[in-house]
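Residue numbers (my numbering), protein chains in the order written: chain L, 35 to 231; chain P, 6 to 257.
What follows is a set of notes on a single structure, which appears directly below.
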């Protein structure tokens with residue numbers, strides 16, 4: 035009697051574990067594919083412009099750019115007007131792609147090995163090791179969220195430092211120094227986006 | 006009052022005035038206040054002044070030296086210098102490993118010191134790393150953290166850069182406790198110690214050259230970005246050390 039009850043409990047408990055595992059697997063698969071494609075672009079032939087186009091495609095597909103943008107504006111998203119919100123999102127994307135593309139040179143010859151996935155609140159952290167020639171290996175965690183269907187990267191944590199947290203600190207400090215004016219931030223980002231290289 | 010005390014009192018008064026005028030006023034808006042508390046940088050005005058001074062000096066002095074050093078010296082020589090400096094720092098690392106209760110790490114540090122000083126020809130070659138015993142950092146600030154002391158407010162200090170009260174005390178203790186600081190006296194010893202300090206500064210500056218340049222170029226508020234990065238990195242380091250087992254190799 036007791037064993038049957040235990041078996042019943044055990045079998046009903048199993049489906050609860052399965053979705054979490056499936057999420058972890060999906061996240062790991064995403065990071066693996068993303069990593070392979072990024073490494074191929076960085077190490078591959080082609081000029082800066084070609085690499086930027088290739089990276090844009092990968093980022094738009096696999097990174098939740100709008101979500102990260104809203105996160106980085108933090109509490110000021112609510113104080114921004116609809117027009118400012120509409121201006122901010124594509125600007126954020128432009129600056130993000132510019133910053134990523136500027137790193138391509140120093141990552142030439144990079145290799146990446148993907149490790150385990152670990153659930154972190156409602157996101158999944160997939161660990162990886164990034165090795166640049168002449169540098170010590172770096173631990174990079176990719177934070178993947180499954181908001182609305184497909185899994186997407188929402189953060190990159192390099193050696194313990196979260197990119198989205200750091201970017202939010204930067205914007206928040208800039209806004210505090212400018213009386214909370216989202217317009218001032220947008221203007222500064224516009225200047226950044228239009229700078230060469 | 007004897008004249009010899011007056012300069013000291015003046016310095017103390019100046020320091021006190023700087024700290025008081027360098028305090029930020031907390032915001033009234035509840036969201037802003039929550040963020041202010043989380044950022045934990047009540048001395049921000051003073052910190053920003055030190056940051057700007059540090060930055061100005063860096064642009065004019067240390068960064069050009071670092072750029073020249075990196076351009077002039079071949080990579081193996083730069084690595085050799087870094088290895089020697091790391092080797093010279095192993096007594097302090099060892100002491101802190103022991104104080105943190107990490108016998109495995111302490112044993113690794115001792116092994117590194119012996120292997121690299123002998124087989125590695127005075128520390129120039131990191132033979133131990135190739136044998137599977139990599140380097141790790143250990144300072145008294147980390148020891149205090151492992152013992153349970155939280156980091157405290159953010160500080161940006163001249164020379165030390167981004168830090169906090171706990172790590173500043175740690176730096177002081179490490180500097181005083183370093184056995185190499187007590188070996189002998191005289192002009193040659195002094196010259197060697199200053200060379201070690203100077204080379205250490207240049208070596209450290211070279212290692213962060215590209216990252217710092219990127220921050221200066223891409224951040225809207227480099228001070229806030231450095232504050233966020235350094236604090237996250239330090240907390241990650243401390244968490245890793247706290248969680249590392251005493252008797253198995255810890256991840257770096």
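Beta carbons: idealized from backbone N, C-alpha and C, even for Gly.
Cα-Cα separation, residue 230 of chain L to residue 86 of chain L
14 Å
CB contact below 9 Å: residue 136 of chain L versus chain P
Output row for residue 136 of chain L: interface = yes.
Among L:221, L:74, L:68, L:58, which has the Cα closest to the Cα of residue 143 of chain L?
L:74
Residue 36 of chain P: contacting residues in chain L (beta-carbon distance under 7 Å)
109
Under 7 Å Cβ-Cβ, which residues of chain L neighbour residue 238 of chain P?
193, 194, 195
Which residues bound the alpha helix (DSSP H) around residue 110 of chain P?
Residue 110 of chain P -> alpha helix (DSSP H) spans 108-123.
Considering only residues of the same chain and omitting the five flanking positions on each side of residue 66 of chain L, which have a CB-CB separation below 6 Å?
148
Flag residue 228 of chain P as yes if its beta-carbon sits less than 9 Å from any beta-carbon of chain L, otherwise no.
Taking Cβ atoms only, chain L reaches closer than 9 Å to residue 228 of chain P, which makes this a yes.
Taking 6 Å as the limit between beta carbons, can you name the residues of its chain near residue 174 of chain L, skipping five residues before and five after?
Within the same chain, residue 174 of chain L has close Cβ partners 162, 164, 192.
Extent of the continuous alpha helix (DSSP H) to which residue 231 of chain P belongs:
227-248
Closer than 9 Å to chain P by CB, residue 125 of chain L:
no
Does the beta-carbon of residue 181 of chain P have 16 or more other beta-carbons within 10 angstroms, so that it is buried, or is it exposed?
Answer is exposed; the Cβ neighbour count stays below 16.
Kindly indicate which residue of L:115, L:185, L:71, L:130 has the alpha-carbon position closest to the one of residue 54 of chain L.
Among L:115, L:185, L:71, L:130, the Cα nearest to that of residue 54 of chain L is on L:185.
Considering only C-alpha positions, which residue in the set L:170, L:119, L:208 is nearest to residue 230 of chain P?
L:208
Reduced DSSP secondary structure (H/G/I, E/B, other) of residue 104 of chain P
helix
Report the partner residues of residue 172 of chain L according to the DSSP bridge assignment.
L:164
Just how far apart, CA to CA, sit residue 150 of chain L and residue 207 of chain P?
38 Å
CB-CB under 7 Å to residue 71 of chain L, same chain, minus the five flanking residues each way: which ones, in chain order?
92
Identify the contact partners of residue 224 of chain P in chain L, using a Cβ-Cβ distance below 7 Å as the criterion.
204
Contact test: residue 236 of chain P Cβ vs the ligand PLP heavy atom, cutoff 8 Å
As for the ligand PLP, it is missing from this structure, which has no ligand bound.
For the beta strand (DSSP E) that contains residue 189 of chain L, what are its first and last residues?
186-192
The region 160-167 of chain P in contact with the region 135-143 of chain P per 3-pair CB rule at 8 Å:
No, the region 160-167 of chain P does not touch the region 135-143 of chain P.
Tell me which residues share the same chain as residue 47 of chain P and place their Cβ nearer than 7 Å to its Cβ, disregarding the 5 neighbours each side in the sequence.
28, 29, 158
Proximity test, Cβ basis, 9 Å: residue 200 of chain L and chain P:
yes
Could you name the residues of chain P that residue 222 of chain L contacts, counting a contact when the two beta carbons are closer than 7 Å?
225
From the beta carbon of residue 213 of chain L, is the nearest beta carbon of chain P less than 9 Å away?
False, the Cβ-Cβ gap to chain P never drops below 9 Å.
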